[in-house]
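Here's the structure, in structure tokens; my notes come after.
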Amino acid sequence: MDLDFKIVTPKEVNLLIEISKETYISAFQKLNNPDDFKSYIDVAFSKKTLQKELLDPNSVFYFVYLDKTLVGYFKLNERGSQNEQFETSSIELERIYIYKQFQNKHIGQYILKKAISISKQKKVTFLWLGVWDQNIRAINFYKRYGFKIFNSHSFFVGNDEQTDFLMQLSLT
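Using the working numbering, the letters of the sequence shown correspond one by one to residues 140 to 311.
Here's what the structure looks like:
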């Protein structure tokens, strides 16, 4: 599979907003309270929020292309930009989303392998992520690649407090 990974620039914020909203809505809208969901989307994927994240030197978004067609994206956070802080060096895989029509084509595994490769190049101790405890399919996907649940934290969709499992992959 010939995938290209391109770092997202601040000039591409509108495309990032579009793919972020579409993929998140497709994945989770039916599973959440409509008011809480809209509140989350309006803040998390606003131009202001995503511009700020794009300008953060410790966060990098990557667009994923298959034959020059945008199929997904992911985001890696380092240092103080991670949603949790640890005593050992780590990178957080905060988002990994693929357009619905490109799912089940093994693109996710290539994205995950790329995130692991980038993390290894940066010589961190582990790669970690948060995944909704109700998202059994994603949990099992990460387990297949060696991730293990090591903790949990709260994640708010609007006013709805949800639990995310924290999963990590040792890179040493």
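Note that beta-carbon positions come from the ideal geometry of N, C-alpha and C, so glycine has one too.
Source: prediction; values computed, not measured.
Item checked: Reference F167; option with closest CA among Y236, V199, N222 and Q190 -> Against the sequence shown, residue 167 aligns to sequence position 28. When only C-alpha atoms are compared, the closest one is Y236.
Check: Taking the alpha carbon of E151 as the point to measure from, which residue in I278, Q224 and L194 has its own alpha carbon closest?
Finding: By one-based count along the sequence shown, residue 151 stands at place 12. Measuring from the Cα of E151, the nearest candidate turns out to be L194.
Check: Is it buried or exposed for R234, if we count other Cβ within 10 angstroms and need 16 for buried?
Finding: Reading the sequence shown from its first residue, position 95 is the one you call residue 234. Classification for R234: buried.
Notebook entry, point to check: How would you call T162, buried or exposed, if buried means at least 16 neighbouring beta carbons within 10 angstroms?
Noted result: The residue given as residue 162 occupies position 23 in the sequence shown. So T162 ends up on the buried side.
Next item on the list: Alpha carbon to alpha carbon, how far is A254 from I146? Give it in angstroms, no decimals.
Entry: Looking up residue 146 in the sequence shown gives position 7. Looking up residue 254 in the sequence shown gives position 115. In a straight line, the C-alpha of I146 is about 12 angstroms away from that of A254.
Notebook entry, point to check: If you count every other CB in all the chains shown that lies within 10 Å of the CB of N290, and 16 or more means buried, which is it?
Noted result: On the sequence shown, residue 290 is found 151 positions in, with the first residue counted as 1. Note on N290: under 16 other CB atoms within 10 angstroms of its CB, so exposed under the neighbour-count rule.
Note to self: Helix, strand or coil for T208? Go by DSSP, reduced to three states.
What the structure shows: Stepping through the sequence shown from its first residue, residue 208 is reached at position 69. The three-state secondary structure of T208, taken from DSSP, is strand.
Notebook entry, point to check: Do I257 and L215 have their C-beta atoms within less than 9 angstroms of each other?
Noted result: Counted from its first residue, the sequence shown places residue 257 at position 118. Counted from its first residue, the sequence shown places residue 215 at position 76. Closer than 9 angstroms, so yes.
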